[in-house]
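The numbering of the sequence shown is our numbering, which starts it at 98 and goes up by one.
The C-beta atom is built at its ideal place from N, Cα and C for all residues, glycine as well.
Below: the structure, in structure tokens.
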Amino acid sequence: MRNNSVLNTPARFPTGQPWLCNKKVGVLNWFAKLWEIDEEEYWGYITTCGTEGNLHGILVGRENHPDGILYASSETHYSVFKAGRMYRMDTVKVPTLETGEINYEELRANLERNRARPAIINVNIGTTVKGAVDDLDRVLTILQETGYTEDRFFIHCDGALFGMMMPFLKDAPMVTFKKPIGSVSVSGHKFVGAPVPCGVVITRFKYVMALSTDVEYLNSRDATIMGSRNGHAPIYLWYQLTRKGYDGMKADVERCMRNAHTLREMLTKAGIKASLNELSNTVVFERPAEETFVRKWQLACEGSIAHVVVMPNVTIDKLEAFVGDYVQSRARVWTAAALKVSADARTDEKASGGGSSAEVGGSAPAAAPAANGHANGHV
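Okay, here's the thing in structure tokens:
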């Protein structure tokens with residue numbers, strides 16, 4: 098396959114390349130089953146990346162609700178706000194809680210304020226920096242309580258990384274089309290591990306009709322963002338999903354979550370402040386002061402924090418190496434800071450002339466008078 102050019106054409110069911118079409122449909126049906134939507138009710142395609150999935154999801158929402166307002170938390174991936182700018186949508190950036198979740202009361206207040214217009218809401222299934230998961234059920238409850246019927250809102254779920262993991266966690270809330278959501282997108286090169294950037298977006302067939310058009314020379318209808326895409330991506334995805342199956346993916350998820358909790362505990366025991374959301378494999382900790390350490394481990398940093406995303410290839414040995422190196426880095430920084438204090442003190446001492454006894458004590462004191470008047474030899 099490496100020596101062949103394989104084209105991923107726009108349509109879900111293209112007329113050409115039947116062997117590739119079978120792989121594509123197999124991948125899409127796998128995700129449709131994961132998110133609980135019947136094959137006859139969904140439309141989807143394999144994207145070039147996670148961003149394209151977000152661009153498509155927001156576009157479907159906009160086309161079904163042309164006067165809708167886009168709502169997304171301030172910690173949402175930048176591609177969602179890019180979509181808002183590209184489609185000239187009114188966009189509300191909702192503040193977040195300390196965990197990184199959307200602030201539900203702020204969302205409620207904004208929805209009530211704009212009740213006359215439909216709502217297009219991006220729900221995060223794992224934010225970029227903190228790995229926070231917005232509570233889909235709570236968002237749906239707020240929509241109902243603020244008077245939005247299902248024909249007046251569209252929910253896109255951005256599950257770039259954790260959207261592939263959460264379905265395999267016991268007792269985790271379900272992202273499912275049995276709930277009134279509009280679309281879900283994930284990346285294929287993250288948790289699944291495809292060697293080329295790609296992703297998957299699934300939406301309801303009834304929604305995608307608002308933006309699909311006939312393309313005569315393709316002998317199909319098109320509702321995608323991009324046209325031609327990498328034809329190897331569906332093959333990579335099909336191979337990984339077929340090789341591992343649901344049980345293999347579940348085992349990978351459980352190992353990632355175990356190791357994420359292990360990393361958080363290791364950092365805490367080492368005196369490094371660290372946190373981990375309950376539904377996340379992203380460990381957040383204080384930003385290292387030594388930039389060489391940041392570059393060595395290719396850490397993603399934002400303000401005063403950094404994070405590590407614990408993936409299936411991360412072993413306990415790698416965690417030990419990372420934490421040990423971090424502890425040594427902190428020791429170097431602290432030692433350098435302490436030595437700077439002593440060096441500054443030494444410089445100040447030299448500048449003051451070394452602190453001689455004459456400067457400190459001044460002239461010799463006068464003799465003290467004799468006690469009880471026994472002075473000058475008088476008895």
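Have a look at the DSSP bridge pairing and note the partners of residue i.
i, result
"VAL189", "TYR168"
"CYS353", "According to DSSP, CYS353 bridges with nothing at all."
"VAL281", "CYS254, ILE299"
"SER372", "VAL381"
"VAL230", "ILE222"
"ILE134", "Partner(s): none; ILE134 has no beta bridge."
"ILE199", "THR193"
Under the three-state reduction of DSSP, which class applies to residue i: helix, strand or coil?
i, result
"ILE322", "coil"
"ARG429", "helix"
"ALA367", "coil"
"SER102", "Legend: pLDDT at SER102 = 48, less than 50; position of this residue unreliable, value from coordinates given subsequently. Note: SER102 maps to coil in three-state DSSP."
"GLY141", "strand"
"ALA213", "coil"
"SER453", "For SER453, the predicted structure reports a pLDDT of 49, less than 50, and the residue's modelled location is therefore unreliable. The matter cannot be settled from this model."
"MET262", "coil"
"VAL293", "coil"
"SER309", "coil"
"TYR343", "helix"
"TYR304", "helix"
"GLY272", "The amino acid occupying residue 272 in the given sequence is Val; Gly does not appear at that position. Coil, per DSSP."
"TYR336", "helix"
"CYS118", "helix"
"HIS358", "helix"
Residues in the same chain with beta-carbon distance under 6 Å from residue i, minus the five sequence neighbours each way, listed in chain order, please.
i, result
"SER453", "Annotation note: pLDDT 49 at SER453 (below 50); position unreliable, coordinate value reported separately. Excluding residues within five positions, none has a Cβ falling inside 6 Å."
"THR224", "GLU172, GLY197"
"SER372", "VAL381"
Spatial neighbours of residue i within its chain, please: CB distance less than 8 Å, with the 5 preceding and 5 following residues excluded, ordered by chain position.
i, result
"ARG301", "ILE134, GLU138, TYR139, TRP140, PHE274, GLY279, SER280"
Near residue i, which residues of its chain fall below 7 Å by C-beta distance, leaving aside the five closest residues on each side in sequence?
i, result
"GLU387", "SER426, ARG429, VAL430"
"ARG212", "THR243, GLY244"
"TYR333", "ALA291, PRO292, VAL293"
"ILE477", "Absent from the model: residue 477. The displayed extent of the chain is 98 to 476, so no value can be given."
"LYS287", "ALA257, LEU258"
"LEU416", "ASN356, THR359, LEU360, MET363"
Is it the case that the CB of residue i approaches a heavy atom of the ligand FAD more closely than 7 Å?
i, result
"GLY154", "Although the ligand FAD was asked about, the structure shown includes no ligands whatsoever."
Please specify which runs of the alpha helix (DSSP H), each continuous and at least 4 residues long, are wholly inside the region 379-414, giving them in chain order.
If we require 4 residues or more, the alpha helix (DSSP H) runs fully inside the region 379-414 come out as 388-393.
Touching by the beta-carbon criterion (3+ pairs, under 8 Å), the region 147-162 and the region 279-297:
The region 147-162 vs the region 279-297: in contact.
For the region 333-345 against the region 177-185, are there 3 or more C-beta pairs whose distance is under 8 Å?
As far as the Cβ criterion goes, the region 333-345 does not touch the region 177-185, which means the pair count is below three.
Segment contact, 8 Å Cβ cut-off, at least three pairs: the region 249-266 with the region 370-380
Verdict: yes, contact present.
Can you find at least 3 beta carbon pairs, one from the region 152-166 and one from the region 121-135, that sit closer than 8 Å?
Segment contact: the region 152-166 against the region 121-135, fewer than three CB-CB distances shorter than 8 Å; contact not assigned.
Quick check: the region 158-172 against the region 342-356, are there 3 or more CB pairs under 8 Å?
The way I'd put it, the region 158-172 doesn't touch the region 342-356; fewer than three beta-carbon pairs between them come closer than 8 Å.
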